[in-house]
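Protein chains in written order, with my numbering: chain A, 318 to 525; chain B, 318 to 525.
Structure, rendered in structure tokens:
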């Protein structure tokens with residue numbers, strides 16, 4: 318097994334950079350969970366972890382940069398659940414159902430289970446952090462792929478422009494992904510979890 | 318012209334009750350616009366209008382009761398715009414388009430034009446005030462009526478339960494009615510104002 322150049326470099330100066338970053342993120346996640354993201358400063362965080370503020374700034378340019386990693390981890394967890402649930406599901410209509418169900422339920426669980434980390438999600442969504450923008454782009458791309466596959470297999474209509482229709486389908490889903498809007502709409506999902514999927518799938522049905 | 322019993326009664330004791338209520342509402346609307354709803358107390362309001370707090374409480378049980386009337390006026394304005402726009406539009410698919418367009422644009426305008434009155438709308442939506450519940454019920458009923466007319470005329474499919482399908486169509490619209498969720502979604506409406514309508518109408522199209 319060969320040692321990567323960066324690991325070799327790190328070896329000479331204490332804990333590997335990767336490990337320190339992980340350590341800071343773990344401590345920050347715990348700290349934000351207790352004290353909230355909005356009210357915590359990098360100084361508070363440094364004190365809590367036992368590092369100097371300057372040392373933290375060696376690894377992260379700002380509090381938001383730390384929040385970004387936590388946010389990316391949280392969104393990554395939602396995506397992992399979606400991809401795990403999609404594994405083995407072949408038919409495009411069923412894949413669309415799985416996407417809608419799992420993404421809404423995972424978002425509800427992850428955004429709302431921890432009110433303090435929820436603050437990070439809200440800041441990220443409100444200020445359009447790159448982590449949320451990238452996440453939304455990937456989910457939107459997944460919708461495009463499912464629709465394209467459904468068109469190819471004959472399950473979905475082909476008379477509308479793919480890009481436009483995927484965008485509209487994603488637009489139906491998006492209020493349930495956004496941590497600010499989700500809590501105001503979750504009751505709709507609880508009342509009838511498949512209502513939006515049913516409507517969307519009817520809109521995609523081919524000329525019969 | 319006959320005088321109503323209550324007007325006759327009021328006549329004996331100064332300004333008619335109706336006029337005082339209107340006067341309080343107008344002054345409160347102006348006051349909230351300047352100072353915000355959340356931060357204003359009934360005492361502040363009484364001072365600003367030049368009435369005693371006790372006198373205001375003769376007409377309104379609480380600050381929320383005043384907010385309710387302002388909220389009802391605001392939502393009534395949105396509904397008036399919708400009904401005015403629907404006048405003369407006969408075809409159910411076109412009526413659905415008009416409903417979606419006018420309600421989203423009137424909501425955007427009325428909720429977001431005045432940040433201070435917006436606070437009342439947010440309180441009303443978040444705490445489920447009767448004014449917003451009743452408004453939502455009426456819009457939902459309008460969706461049912463348009464869908465029923467479309468089914469009767471053969472413009473819409475009839476194979477799904479009307480109540481269930483109307484509910485789903487209303488669910489697509491609802492994030493754009495709620496003053497909390499609307500600002501996070503308005504960009505979608507601006508980018509493609511008919512995308513959701515197109516999708517919904519395709520979902521309603523009859524077996525072809």
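We put the CB at the ideal spot given by N, CA and C, even for glycine. On a predicted model such as this, the values are computed, not experimentally measured, just so you know.
Give every residue of the same chain whose Cβ lies closer than 7 Å to the Cβ of residue i, excluding the five residues on either side of it in the sequence, and list them in chain order.
i, result
"residue 427(A)", "391, 394, 395"
"residue 320(B)", "At residue 320(B) the pLDDT is 40, less than 50, meaning the model places this residue with poor confidence; the figure from the coordinates comes in the next sentence. Excluding sequence neighbours, residue 320(B) sits near nothing in its chain."
"residue 353(A)", "433, 436"
"residue 430(B)", "none"
"residue 482(B)", "464"
"residue 443(A)", "497"
"residue 357(B)", "348, 349"
"residue 337(B)", "376"
"residue 500(A)", "429"
"residue 389(B)", "448"
Please list, in chain order, all residues of the same chain as residue i whose beta carbon is under 8 Å from its beta carbon, the five residues on each side excluded.
i, result
"residue 363(B)", "369, 370, 372, 373"
"residue 455(B)", "396"
"residue 379(A)", "359"
"residue 476(A)", "524"
"residue 502(A)", "492, 493"
"residue 457(B)", "483, 484, 487"
"residue 329(B)", "Residue placement at residue 329(B) is poorly supported in this model, since its pLDDT is 45, which falls under 50; the coordinates still yield a value, given next. For residue 329(B), where only same-chain residues beyond five positions count, there are no Cβ hits under 8 Å."
"residue 517(B)", "413, 417, 486, 489"
"residue 453(A)", "491, 494"
Quick check on residue i: buried or exposed, where buried means 16 or more other Cβ atoms within 10 Å of its Cβ?
i, result
"residue 322(A)", "Low confidence applies to residue 322(A): its pLDDT is 43, below 50, so where it sits in the model is not reliable, and the reading given next is rough at best. Classification for residue 322(A): exposed."
"residue 385(B)", "buried"
"residue 445(A)", "exposed"
"residue 494(B)", "buried"
"residue 449(A)", "buried"
"residue 511(A)", "exposed"
"residue 514(A)", "buried"
"residue 451(B)", "exposed"
"residue 524(B)", "exposed"
"residue 399(B)", "buried"
"residue 447(A)", "exposed"
"residue 339(A)", "exposed"
"residue 401(A)", "exposed"
"residue 478(B)", "exposed"
"residue 423(B)", "buried"
"residue 504(B)", "exposed"
"residue 470(B)", "exposed"
"residue 441(A)", "buried"
"residue 408(B)", "exposed"
So residue i is in the alpha helix (DSSP H); what residue range does that whole segment cover?
i, result
"residue 428(A)", "409-430"
"residue 445(A)", "Careful: residue 445(A) lies outside any alpha helix (DSSP H) and carries neither H nor E."
"residue 390(A)", "380-403"
"residue 512(B)", "512-521"
"residue 508(B)", "499-508"
"residue 359(A)", "359-366"
"residue 482(B)", "479-490"
"residue 337(B)", "334-352"
"residue 371(A)", "370-376"
Got a sec? Which residues, its chain only, sit under 6 Å from residue i by beta carbon, not counting five neighbours each side?
i, result
"residue 377(A)", "383"
"residue 506(B)", "421"
"residue 344(A)", "366"
"residue 355(A)", "436"
"residue 438(B)", "428, 496"
"residue 381(B)", "none"
"residue 406(B)", "412, 415"
"residue 318(A)", "Summary for residue 318(A): the model assigns pLDDT 39, below 50, so the residue's position carries little reliability, and this model does not support an answer."
"residue 346(B)", "387"
Name the chain D residues whose beta carbon is nearer than 9 Å to that of residue i?
i, result
"residue 426(A)", "In the structure shown, chain D cannot be found, because the protein chains are A and B."
The region 415-435 of chain A / the region 480-499 of chain A touching (three or more Cβ pairs under 8 Å): Yes, the region 415-435 of chain A touches the region 480-499 of chain A.
The region 456-465 of chain B in contact with the region 458-471 of chain A per 3-pair CB rule at 8 Å: No, because fewer than three Cβ pairs between the region 456-465 of chain B and the region 458-471 of chain A fall closer than 8 Å, the two stretches do not touch.
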